[in-house]
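Q: One structure is given below, represented as structure tokens, and several questions about it will come after.
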Amino acid sequence: MSLESHIREMYTSGGLTPEAATLFRQIVYGHYRRHGRTLPWRETSDPYAILVSEIMLQQTQVDRVTGKYMSFLSAFPDFRALAAAPLDAVLAAWQGLGYNRRALNLKRCSEAVVTEYGGTLPSTIAELEKLPGIGHYTARAVAAFAFSVPSAFIETNIRTVFIHHFFNDSEKVHDREIAPLVEGALDYGNPREWYYALMDYGAHLKRLHGNPSRRSAHHATQSPFKGSNRELRSLILKAILDRPGITLEEITSFLNKPQDAVLSNLKQMEAEGFIAKRKGRLFIA
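Following this line, the structure appears as structure tokens:
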């Protein structure tokens, strides 16, 4: 019987036993020792740099993040630098990553860290979750990677690993079914390396088995960016970054988009804190 089959048998006959957890970790760490990825944010223990990487990696492929990550850190090397930077400079440095709200939240988070914690990121999950733009997953990932705090969390590659090993014949697997297994398998002595190993193994399984996480109840196919409102927001932001003081008529003509769609997005982006309107002209806030 293979290790995988043995682990699955022990799980189905009464939960993840200590023996099953040990065998499971052997599989994951074995792959990591042979095929672990070298990524720049894994070469640092700086909480700021780790937070930047986690925010960038949300909904963005690893290969798109790597170059931007280094240039962003060069421009804004710590919380104080990012907090003091004008928003237009931050958004300009973020261009190409998409989901610009993440950049705005990261700047607001930096401002809060400087104001409330003297420029030092707090290490507890409870405190991290109070910061702008940091939710359930990000707080636990940053706590593990920056402070070696052991806590169970799930993202797409982790989900892939557990569905592949423990729910091989199931559909619509809910995270509440996976969470106890993540908790039971957690390497409490080295959560940082354990989660890196899990994520790399999950990325490998996606290539090998056509993404087992599609059998998750939480799987959703992202709508195409081209022609979407997300694309229009991105184009609006870039136009204002490139042409500060542009008018509504000018931006509508330049983008060749319906004025009501442009106006609707401008109102929303102004409410969100991205842009400001002065004397009929548009600027980054």
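Counting along the sequence shown from 1, when you hit position 35 you're at 35 in UniProt numbering, and nothing is skipped either side. In this text, a Cβ means the ideal position worked out from N, Cα and C, and glycines have one as well.
#1: Cα-Cα, which of Cys109, Asn256 and Leu198 is closest to Tyr29?
#2: In chain order, what are the residue ranges of uninterrupted beta strand (DSSP E) at least 3 long that sit wholly in the stretch 254-280?
#3: Just to confirm, are Phe145 and Arg192 a CB contact at a threshold of 8 Å?
#4: Rounded to whole angstroms, what's the CA-CA distance from Phe24 to Pro150? Just pull it up for me.
#5: Would Ala83 and Val62 qualify as a contact pair, given that the criterion is a beta-carbon distance under 8 Å?
#6: For Ile284, which of helix, strand or coil comes out of DSSP?
#7: With a Cβ-Cβ cutoff of 8 Å, do Asn265 and Ile236 count as a contact?
#8: With distances taken Cα to Cα, identify the nearest neighbour of Asp78 among Gly98, Asp46 and Glu54.
#9: I'd like the list of long-range same chain contacts for Thr44, defined as Cβ closer than 8 Å, with 5 residues on each side in sequence excluded.
#10: Taking 7 Å as the cut-off, is the C-beta of Tyr201 nearer than that to any heavy atom in the ligand ZN?
#11: Identify whether Ser228 lies in helix, strand or coil by the three-state DSSP scheme.
#12: Which runs of the alpha helix (DSSP H) at least 4 residues long sit entirely within the UniProt domain "HhH-GPD" (56-204)? Give them in chain order.
#13: Please state the DSSP three-state secondary structure of Ser216.
#14: Determine the DSSP secondary structure at Thr22, reduced to helix, strand or coil.
#15: Nearest to His164 by alpha carbon, out of Ser53, Gly202, Glu129 and Leu106?
#16: Mind checking who Ile246 pairs with in its DSSP beta bridge?
#17: Count the other CB atoms, across all protein chains shown, that sit within 10 Å of the CB of Met1; report buried if there are 16 or more and exposed otherwise.
#18: Hey, out of Gln95, Ile246, Asp260 and Ile178, whose CA is closest to Asn229's CA?
#19: I'd like the list of long-range same chain contacts for Ala276, defined as Cβ closer than 8 Å, with 5 residues on each side in sequence excluded.
#20: Going by DSSP in three states, Arg207 sits in which element: helix, strand or coil?
#21: In whole angstroms, what is the alpha-carbon distance linking Arg233 and Ala112?
#22: Between the alpha carbons of Phe16 and Pro132, how many angstroms are there, rounded?
#23: Output the distance between the C-alpha atoms of His174 and Phe162, rounded to the nearest integer angstrom.
#24: Based on Cα-Cα distance, which residue from Leu87, Gly118 and Gly96 lies nearest to Leu106?
#25: Assign Thr252 to one of three DSSP states: helix, strand, or coil.
#26: Does the beta-carbon of Asn157 have 16 or more other beta-carbons within 10 angstroms, so that it is buried, or is it exposed?
A: Answer, in terms of the structure:
#1: In the sequence shown, counting from the first residue as 1, residue 29 sits at position 29. Taking Tyr29 as reference, the option from Cys109, Asn256 and Leu198 with the minimal CA-CA separation is Leu198.
#2: As far as the stretch 254-280 is concerned, its whole beta strand (DSSP E) runs of at least 3 residues are 275-278.
#3: Start at 1 with the first residue of the sequence shown, and residue 145 comes out as number 145. Start at 1 with the first residue of the sequence shown, and residue 192 comes out as number 192. Contact annotation: Phe145 and Arg192 have beta-carbon atoms nearer than 8 Å.
#4: Residue 24 sits at position 24 when you count from the first residue of the sequence shown. Residue 150 sits at position 150 when you count from the first residue of the sequence shown. Near 18 Å, if we compare the C-alpha coordinates of Pro150 and Phe24.
#5: Position 83 of the sequence shown, counting from 1, holds the residue named residue 83. Position 62 of the sequence shown, counting from 1, holds the residue named residue 62. Remark: C-beta atoms of Ala83 and Val62 do not approach each other more closely than 8 Å.
#6: Locating residue 284 in the sequence shown gives position 284, counting from the first residue. Of the three classes helix, strand and coil, the one that applies to Ile284 here is strand, per DSSP.
#7: Residue numbering aside, residue 265 sits at position 265 when the sequence shown is read from its first letter. Residue numbering aside, residue 236 sits at position 236 when the sequence shown is read from its first letter. Yes.
#8: Reading the sequence shown from its first residue, position 78 is the one you call residue 78. Among Gly98, Asp46 and Glu54, the Cα nearest to that of Asp78 belongs to Asp46.
#9: Locating residue 44 in the sequence shown gives position 44, where the first residue counts as 1. Within the same chain, Thr44 has close Cβ partners Ile50.
#10: Questions concerning the ligand ZN fall outside what the structure shown contains, since it holds no ligand whatsoever.
#11: Numbered from 1 along the sequence shown, position 228 holds the residue referred to as residue 228. DSSP places Ser228 in the coil class of the three-state scheme, outside both helix and strand.
#12: Within the UniProt domain "HhH-GPD" (56-204), the complete alpha helix (DSSP H) runs of at least 4 residues fall at 62-75, 79-84, 87-94, 101-117, 125-129, 136-147, 156-166 and 175-185.
#13: In the sequence shown, residue 216 corresponds to position 216, counting from 1. Assigned with DSSP and collapsed to three states, Ser216 falls in strand.
#14: Locating residue 22 in the sequence shown gives position 22, counting from the first residue. If DSSP states are grouped into helix, strand and coil, Thr22 belongs with the helices.
#15: Sequence index remark: in the sequence shown, residue 164 carries index 164 (1-based). Closest by C-alpha distance to His164, out of Ser53, Gly202, Glu129 and Leu106, is Gly202.
#16: As a first step, residue 246 is located in the sequence shown; it is residue number 246 there, counting from the start. Paired residues: Leu282.
#17: The residue labelled residue 1 in the question sits at position 1 within the sequence shown. Reliability fails at Met1, whose pLDDT of 45 lies under 50, so the model's placement of it is uncertain and the value that follows must be treated cautiously. Classification of Met1: exposed, given that the 10 Å Cβ count is below 16.
#18: Along the sequence shown, read from residue 1 onward, the residue named residue 229 stands at position 229. For the set Gln95, Ile246, Asp260 and Ile178, the Cα lying nearest the Cα of Asn229 is the one of Asp260.
#19: Taking the sequence shown and counting its residues from 1, the one referred to as residue 276 is at position 276. The residues Glu270, Leu282, Phe283, Ile284 and Ala285, in chain order, have a CB closer than 8 Å to that of Ala276 in the same chain once the five nearest residues on each side in sequence are set aside.
#20: As a working mapping, residue 207 is identified with position 207 in the sequence shown. It is helical.
#21: In the sequence shown, counting from the first residue as 1, residue 233 sits at position 233. In the sequence shown, counting from the first residue as 1, residue 112 sits at position 112. Computed Cα separation, rounded: 26 Å.
#22: Reading the sequence shown from its first residue, position 16 is the one you call residue 16. Reading the sequence shown from its first residue, position 132 is the one you call residue 132. Phe is not the amino acid found at residue 16; the sequence shown has Leu there. Their backbone Cα atoms lie some 36 Å apart in a straight line.
#23: Counting from one through the sequence shown, the residue named residue 174 turns up at place 174. Counting from one through the sequence shown, the residue named residue 162 turns up at place 162. Spanning the two alpha carbons is a distance of roughly 11 Å.
#24: The residue given as residue 106 occupies position 106 in the sequence shown. Comparing Cα positions, the closest option is Leu87.
#25: Taking the sequence shown and counting its residues from 1, one reaches residue 252 at position 252. Helix, per DSSP.
#26: The sequence position of residue 157 within the sequence shown is 157, counting from 1. Asn157 should be labelled buried.
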